[in-house]
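See structure below.
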Amino acid sequence: MIAVFLNRKNIISEKRMADIMISFYKDKKLTDFTAGANKFYFDYLKPHLAPKVMEKLEFHKKMKHILVIVSGSIRYYLEPAAKDLGIQHLVCTDLEENSHGLLTGRAIGQVCIGNYKKELTLELVDELNIDLGNSYAYGDNQADIPLLKMVGNPVAVEPTPNLRKVAQKYNWPILNYN
1079 MIAVFLNRKN IISEKRMADI MISFYKDKKL TDFTAGANKF YFDYLKPHLA PKVMEKLEFH
1139 KKMKHILVIV SGSIRYYLEP AAKDLGIQHL VCTDLEENSH GLLTGRAIGQ VCIGNYKKEL
1199 TLELVDELNI DLGNSYAYGD NQADIPLLKM VGNPVAVEPT PNLRKVAQKY NWPILNYN
């Protein structure tokens, strides 16, 4: 999508990109999207999950860690993956519906990015009494830096060039797919 391209070229902000992308949903029914989300996950996403990332997930499951997906993505898109992978909590973007059951093209609250992503995560941390000093976080782009800085065990996963520089500066581990 053009908004992603413009964001990657630093022409528009991540928030503006997210607002443009969410506006696509205006006047549509959420059920039209949720109905196909499982099929999309199992047919197109699951077969391409990186084995090294899945190994890390299995490690955290064995250690009985609290598993959370923190993402700017939309809940209906993430729920099939979270359920299949045994991830108990989602911190993400929820779409607003009007009184007629149609999407408004806006998020409930804000889109889960930047400082709002951090705020939502801290709310869950407080609710679940999570020790951030002993926690792990995995991120793939510079938008994840505030989250990565919050934990004692940050990992950059197949990072964008900007995140790679920050990870190297702070000596964070870098997980590459190959």
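Quick note: the sequence shown uses the numbering used here, first residue 1079, plus one each step. Glycine is no exception: its CB is placed at the ideal position from the N, C-alpha and C atoms.
Quick check on DSSP: helix, strand or coil for residue i?
{"i": "Tyr1119", "result": "helix"}
{"i": "Ala1185", "result": "strand"}
{"i": "Leu1253", "result": "strand"}
{"i": "Lys1142", "result": "coil"}
{"i": "Ser1101", "result": "helix"}
{"i": "Thr1238", "result": "coil"}
{"i": "Leu1127", "result": "coil"}
{"i": "Asn1088", "result": "coil"}
{"i": "Ile1080", "result": "helix"}
{"i": "Ile1223", "result": "helix"}
Among the candidates the options, whose CA atom is the shortest distance from the CA of residue i?
{"i": "Cys1190", "options": "Tyr1103, Phe1137, Gln1246, Leu1168", "result": "Leu1168"}
{"i": "Lys1142", "options": "Ile1208, Gly1150, Ser1149", "result": "Ile1208"}
{"i": "Met1099", "options": "Ala1185, Leu1210, Ile1252", "result": "Ala1185"}
{"i": "Lys1093", "options": "Arg1153, Ala1115, Gly1187", "result": "Gly1187"}
{"i": "Leu1145", "options": "Val1203, Ser1091, Asp1097, His1126", "result": "Val1203"}
Report the partner residues of residue i according to the DSSP bridge assignment.
{"i": "Ile1152", "result": "Thr1171"}
{"i": "Leu1206", "result": "Note: Leu1206 sits in no beta bridge, so no partner."}
{"i": "Lys1107", "result": "Leu1180"}
{"i": "Val1233", "result": "Tyr1216"}
{"i": "Ile1147", "result": "Leu1168"}
For chain B, find out if any of its Cβ atoms is closer than 7 Å to the Cβ of residue i; answer yes or no.
{"i": "Asn1254", "result": "Given the protein chain composition of this structure (a single chain), no chain B is represented."}
Between residue i and residue j, what straight-line distance do the alpha-carbon atoms span, to the nearest angstrom?
{"i": "Val1233", "j": "His1178", "result": "43 Å"}
{"i": "Val1235", "j": "Phe1102", "result": "29 Å"}
{"i": "Leu1181", "j": "Thr1109", "result": "10 Å"}
{"i": "Gly1192", "j": "Lys1140", "result": "31 Å"}
{"i": "Lys1227", "j": "Ser1151", "result": "21 Å"}
{"i": "Pro1129", "j": "Glu1205", "result": "31 Å"}
{"i": "Ser1213", "j": "Leu1198", "result": "16 Å"}
{"i": "Asn1053", "j": "Asp1172", "result": "This structure gives no information on residue 1053, because the portion of the chain shown stretches from 1079 to 1256."}
{"i": "Leu1225", "j": "Lys1107", "result": "32 Å"}
{"i": "Phe1118", "j": "Gly1183", "result": "22 Å"}
{"i": "Lys1195", "j": "Asn1176", "result": "24 Å"}
{"i": "Glu1201", "j": "Val1148", "result": "12 Å"}
{"i": "Met1095", "j": "Asp1222", "result": "16 Å"}
{"i": "Gly1164", "j": "Asn1088", "result": "35 Å"}
{"i": "Asn1116", "j": "His1126", "result": "15 Å"}
### Task
Please confirm if the segment 1115 to 1125 is in contact with the segment 1214 to 1228, defined as three or more CB-CB distances below 8 Å between the two stretches.
In this structure the segment 1115 to 1125 does not touch the segment 1214 to 1228; the number of beta carbon pairs closer than 8 Å is below three.
### Query
When the Cβ atoms of the segment 1239 to 1247 are set against those of the segment 1134 to 1141, are three or more pairs found closer than 8 Å?
Short answer: they don't touch.
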